[in-house]
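Chains as they are written, first to last, in the numbering used here: chain A, 17 to 295; chain B, -12 to 314.
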């Protein structure tokens, strides 16, 4: 037992009062980054929260390559080349679910009251959480690429193009995470956030070119597949990772970026509004 | 005179659907003093604190902190307040130090300033040894201290303490009281909510009693105790045969007109003026050779306060607040 005897407040603190501190420029950027650092520390301290985004791509790659690879692509090696960009896109999209779930539980804790009683922009904690999640996406990319490499996946273009493909995937996940944040603000329990986001992302991953070429799907489904943002992301990533005549860039990059802009333009304001209302 | 008021609220109203949390509450706290807001669960204490600390916007009425309007000038208000809620509002995954440095950074203290202030507070709150452990490993008392430290990072002029000792054991409660007292010596103005008259009496310069979103009394602790009755001395003689003798002795130390009464089987209670009655009683009982199994001195409970002020008990009303409000 620590029977604490508290000494009286030091009369002269070496630190000035916050009310007298000089206001510095760009409060939104600085405070969001300070709060993003908080997310980084949390990720670092609870590595078990990363199991979904590290183990799942490994399991999916093994199952799909060795079980379906022969049937779909004739041999497992060429199917791995086809599948890996898709699995990376699918996993990183699913990685965006976590932020909505986490924020949903976080909001009910006192820490958000504390943030809101501080003289910082009201949305900074939300922005910080989204930015802090970048590290999760980087981990998804590194782990999926490493597992793929061990299984025999090879980049057929060049390093710069491959890095661009990874950055595009991370960018897409950051934009998609605003949907997750919005759902996290609107729904009552974190379990419901998980469920709704899974229902959204599941059809996006399967009704796409992730597992099979679009041309093999029935006509009515191709309509959905060709507007599906994951199809365009995967198309762009295949062009950047593999390239060649079989994987043309076409308008995949433009569509992916357009989806990114659209998701942020619609869901970021909605999420921020729901956040201000909720708390 | 009014310039001396650091916290000023007028006619605060807040409804949550059918629940009328506040129905026109006025509060006023002078610079460098402690206001105790006393009331049962669901009385509207927390709602009032959340409005004053800019977390909620009132449906009607207005409030200023250090002259700044809590709705229209919320950023200025946030620069001069510190808030400690009923539950620990720190990040459990971060260490004590990381929490305090984060809040210091957000309060524009700068990297060195935030670090220095964190070290100062950790030292002061006896958390230096646990500073670099995640807050989730802290005990209940340590968490409360970290939470209070977190609300003091910006050296705020106005501090809101929402039931700071609820759930703490008596020893930890007294530690917390010492901290509150030292804050006032340091020049801060404190608004403290509590369910215990004892706590309000120990810390507050003035007490506002609220019930169902309305102020039902406002006075100094002395004034309030005059209305609701002061301390009660309870004695349980070991030998039931000596009840009468004991009652006579108690009658001699009592301030009341009614004398000692048997409040429960074998337990005598009598109103007394102050702590000295205890010593007098002990020596008289000893002189008469009466052994006792119980001897205690206490202030009226919240229930008794409410019974005196409203003629009803707080817990009765608490059971069904909305119908009571509507009635």
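Note that beta-carbon positions come from the ideal geometry of N, C-alpha and C, so glycine has one too.
Range covered by the alpha helix (DSSP H) that runs through residue i
i              : result
residue 182(B) : Looking at the DSSP string, residue 182(B) is not in any alpha helix (DSSP H), and its letter there is neither H nor E.
residue 288(B) : Unbroken run through residue 288(B): none, as it is neither H nor E.
residue 159(B) : 157 to 172
residue 231(B) : 230 to 240
residue 110(A) : 92 to 111
residue 1(B)   : Looking at the DSSP string, residue 1(B) is not in any alpha helix (DSSP H); the run it does join, the beta strand (DSSP E), is -8 to 3.
residue 173(A) : Looking at the DSSP string, residue 173(A) is not in any alpha helix (DSSP H), and its letter there is neither H nor E.
residue 43(A)  : 43 to 61
residue 289(A) : 268 to 294
residue 164(A) : 150 to 167
residue 98(B)  : 97 to 111
residue 67(A)  : 67 to 79
residue 88(A)  : 85 to 89
residue 273(B) : 263 to 275
Residue i, buried or exposed, once every other Cβ within 10 Å from all chains shown has been counted against 16
i              : result
residue 287(A) : buried
residue 144(B) : buried
residue 80(B)  : buried
residue 27(B)  : buried
residue 30(A)  : exposed
residue 50(A)  : buried
residue 303(B) : Because residue 303(B) sits at a pLDDT of 48, beneath the cut-off of 50, its placement in the model cannot be relied upon, and the point is left open.
residue -12(B) : Note on residue -12(B): pLDDT 45, under 50, position unreliable in the model; the coordinate value appears next. Exposed, by the Cβ-count rule.
residue 250(B) : exposed
residue -1(B)  : buried
residue 126(B) : exposed
residue 271(A) : buried
residue 250(A) : buried
residue 239(A) : exposed
residue 239(B) : exposed
residue 215(A) : exposed
residue 333(B) : The structure shown does not extend to residue 333(B), since chain B is modelled only from -12 through 314, so no value can be given for it.
residue 174(A) : exposed
residue 314(B) : In this predicted model, residue 314(B) has a pLDDT of only 31, less than 50, meaning its place in the structure is not dependable; the value taken from the coordinates is given anyway. With fewer than 16 Cβ atoms within 10 Å of its Cβ, residue 314(B) is classed as exposed.
residue 67(A)  : exposed
residue 310(B) : With a pLDDT of only 35 at residue 310(B), under 50, the local geometry of the prediction cannot be trusted, and the value read off the model is given with reservation. Result: exposed.
residue 60(A)  : exposed
residue 151(B) : buried
Candidates the options, of which the one nearest residue i by Cα
i              : options                        : result
residue 163(A) : 203(A), 71(A), 187(A), 290(A)  : 71(A)
residue 39(A)  : 48(B), -5(B), 192(B), 62(B)    : 62(B)
residue 112(B) : 136(B), 98(B), 125(B), 97(B)   : 136(B)
residue 101(A) : 81(A), 48(A), 119(A)           : 81(A)
residue 118(B) : 105(B), 29(B), 263(B)          : 105(B)
residue 48(A)  : 147(A), 191(A), 86(A), 106(A)  : 147(A)
residue 7(A)   : 173(A), 142(A), 176(A), 273(A) : With chain A covering only 17 through 295, there is no way to say anything about residue 7(A).
residue 148(B) : 264(B), 40(B), 51(B)           : 40(B)
residue 23(B)  : 164(B), 256(B), 224(B), 234(B) : 164(B)
residue 261(B) : 181(B), 212(B), 85(B)          : 212(B)
residue 207(A) : 113(A), 98(A), 149(A), 134(A)  : 113(A)
residue 68(B)  : 90(B), 278(B), 232(B)          : 90(B)
residue 7(B)   : 29(B), 16(B), 19(B), 277(B)    : 29(B)
residue 276(B) : 55(B), 265(B), 236(B)          : 236(B)
residue 217(A) : 110(A), 83(A), 227(A)          : 110(A)
residue 123(A) : 279(A), 157(A), 205(A)         : 205(A)
residue 134(A) : 264(A), 166(A), 44(A)          : 44(A)
residue 253(A) : 36(A), 172(A), 283(A), 77(A)   : 172(A)
residue 227(A) : 247(A), 209(A), 292(A)         : 247(A)
Run of the beta strand (DSSP E) containing residue i, from where it starts to where it stops
i              : result
residue 31(A)  : Unbroken run through residue 31(A): none, as it is neither H nor E.
residue 90(B)  : Per DSSP, residue 90(B) belongs to no beta strand (DSSP E); it is in the alpha helix (DSSP H), 83 to 93.
residue 248(B) : 248 to 251
residue 128(A) : No beta strand (DSSP E) holds residue 128(A); the alpha helix (DSSP H) holding it covers 126 to 132.
residue 258(B) : 254 to 259
residue 11(B)  : 6 to 17
residue 21(B)  : 21 to 25
beta-carbon residue i near the ligand COA non-hydrogen atom, thresh 7 Å
i             : result
residue 15(B) : You won't find the ligand COA in this model; it holds no ligand whatsoever.
**Message:** Which complete alpha helix (DSSP H) runs does the stretch 184 to 257 of chain A hold, if anything under 4 residues is left out?
**Reply:** 206 to 222, 235 to 243, 245 to 257, all fully within the stretch 184 to 257 of chain A.
**Inside the stretch 33 to 69 of chain B only - alpha helix (DSSP H) runs reaching at least 4 residues** = Here the runs fully enclosed are 61 to 66.
**Item:** Touch test, the stretch 194 to 201 of chain B against the stretch 42 to 51 of chain B, Cβ-Cβ under 8 Å, three pairs minimum
**Value:** Taking a cut-off of 8 Å on C-beta distances, the stretch 194 to 201 of chain B does not touch the stretch 42 to 51 of chain B, as fewer than three cross pairs fall below it.
**Any 3 or more C-beta pairs closer than 8 Å across the stretch 193 to 208 of chain A and the stretch 115 to 125 of chain A** = With the cut-off at 8 Å, the stretch 193 to 208 of chain A and the stretch 115 to 125 of chain A touch.
**Request:** Tell me the start and end of each unbroken beta strand (DSSP E) in the stretch 194 to 219 of chain B that is at least 3 residues and wholly inside, in chain order.
**Result:** Counting whole runs of 3 or more residues, the stretch 194 to 219 of chain B contains the beta strand (DSSP E) stretches 201 to 206.
**Asked** Touch check for the stretch 278 to 293 of chain B and the stretch 213 to 220 of chain B: three-plus C-beta pairs under 8 Å?
**Response** Taking a cut-off of 8 Å for Cβ pairs, the stretch 278 to 293 of chain B and the stretch 213 to 220 of chain B touch, as three or more such pairs fall below it.
**Asked** Curious, which full-length beta strand (DSSP E) runs of at least 3 residues does the stretch 116 to 156 of chain B contain?
**Response** Fully enclosed beta strand (DSSP E) runs of 3 or longer: 145 to 149.
**Request:** Anything in the stretch 134 to 163 of chain B with a Cβ closer than 9 Å to a Cβ of chain D? List those residues in chain order, please.
**Result:** The structure shown contains no chain D; its protein chains are A and B.
**Message:** Three or more C-beta pairs under 8 Å: does that hold for the stretch 157 to 173 of chain B against the stretch 181 to 196 of chain B?
**Reply:** Yes: at least three Cβ pairs fall under 8 Å.
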